[in-house]
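Each remark here refers to the structure printed beneath this line.
See below:
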């Protein structure tokens, strides 16, 4: 029975993935900022509300998931925030928040997860920089900086943990139809986006890969607005 921690599990891809995994009989630990939004996603899941921007909270959540489940086969880190704003009008506070939430929490969660997985000599760490972690776009400089940072960070982790049994996957999805867009001042066409269920199915392909193989990078974009 596989054991998973999903951060950012309260909606979108995280919720869709949790719903799929629980039908397989997986053991789940789910994290989000609020307990209420985690309730009812997956029966029997360990719920770990936390603000991962706090360094001690990231380590606490990963350790609590390991303790509750008796190990960790896979950590799927999906927590993040967006910002669509020109570089000229982005404030220092906004830039710092985006980098802290998107990049720094990825570092903290990956650091804690790899400590456990290296000791186990096995484990899988998956995260989603999104297509803006690979391709630039105007009016998103701060967000792109944080996501390019995630790409480089996880590639560096992969080199450091090479031949340790720890594997890493990066998913460069284009626009995914999730509540993520509700927080942004941007018009989107939901029917032209990637369904969250489809994104979750792609993650499952990495999860299901034999342990000697690595689905290290995946690019999936809507045909109507490809960036690369």
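Residue numbers (this note's numbering): 195 to 422.
C-beta atoms are modelled at their ideal positions from N, C-alpha and C, and glycine is treated no differently.
Model, not experiment: these values are computed from the prediction.
Residue i vs residue j beta-carbon contact at 7 Å
i: residue 369; j: residue 409; result: no
i: residue 326; j: residue 341; result: yes
i: residue 215; j: residue 239; result: no
i: residue 304; j: residue 351; result: yes
i: residue 204; j: residue 226; result: yes
i: residue 425; j: residue 299; result: As displayed, the chain neither begins before 195 nor continues past 422, which places residue 425 out of reach and without an answer.
i: residue 334; j: residue 278; result: yes
DSSP three-state assignment for residue i, whether helix, strand or coil
i: residue 218; result: coil
i: residue 312; result: helix
i: residue 208; result: helix
i: residue 297; result: helix
i: residue 325; result: helix
i: residue 251; result: helix
i: residue 291; result: helix
i: residue 346; result: helix
i: residue 285; result: coil
i: residue 197; result: strand
i: residue 361; result: strand
i: residue 386; result: helix
i: residue 398; result: helix
i: residue 411; result: strand
i: residue 425; result: An answer regarding residue 425 cannot be provided, because it is not within the stretch 195 to 422 covered by the chain.
Anticipated Cβ contact below 8 Å, residue i with residue j, distance rounded
i: residue 310; j: residue 367; result: Not really, about 27 Å apart at Cβ, beyond 8 Å.
i: residue 242; j: residue 253; result: That pair is no contact at about 12 Å.
i: residue 356; j: residue 268; result: At roughly 18 Å, the Cβ-Cβ gap does not stay under 8 Å, so residue 356 and residue 268 are not in contact.
i: residue 256; j: residue 199; result: 7 Å
i: residue 266; j: residue 347; result: So it is not a contact: roughly 19 Å between Cβ atoms.
Closest residue to residue i among the options (Cα-Cα distance)
i: residue 316; options: 406, 350 and 292; result: 406
i: residue 202; options: 399, 217, 229 and 219; result: 229
i: residue 208; options: 266, 261 and 272; result: 272
i: residue 221; options: 205, 263 and 235; result: 263
i: residue 401; options: 302, 361, 413 and 210; result: 361
i: residue 339; options: 270, 294, 244 and 403; result: 294
i: residue 387; options: 399, 206, 398 and 416; result: 416
i: residue 283; options: 394, 332, 324 and 244; result: 332
i: residue 308; options: 270, 291, 292 and 275; result: 270
i: residue 302; options: 343, 312 and 248; result: 248
Neighbourhood of residue i by C-beta, 6 Å cutoff - its chain only, sequence neighbours within 5 removed
i: residue 359; result: 315 and 316
i: residue 318; result: 268 and 361
i: residue 232; result: 204, 224, 226 and 241
i: residue 213; result: none
Close Cβ partners of residue i (< 7 Å) along its chain, the five nearest in sequence each way excluded
i: residue 396; result: 365, 412 and 414
i: residue 289; result: 336
i: residue 345; result: 323, 327, 328 and 364
i: residue 399; result: 409
i: residue 292; result: 275, 277, 336, 337 and 340
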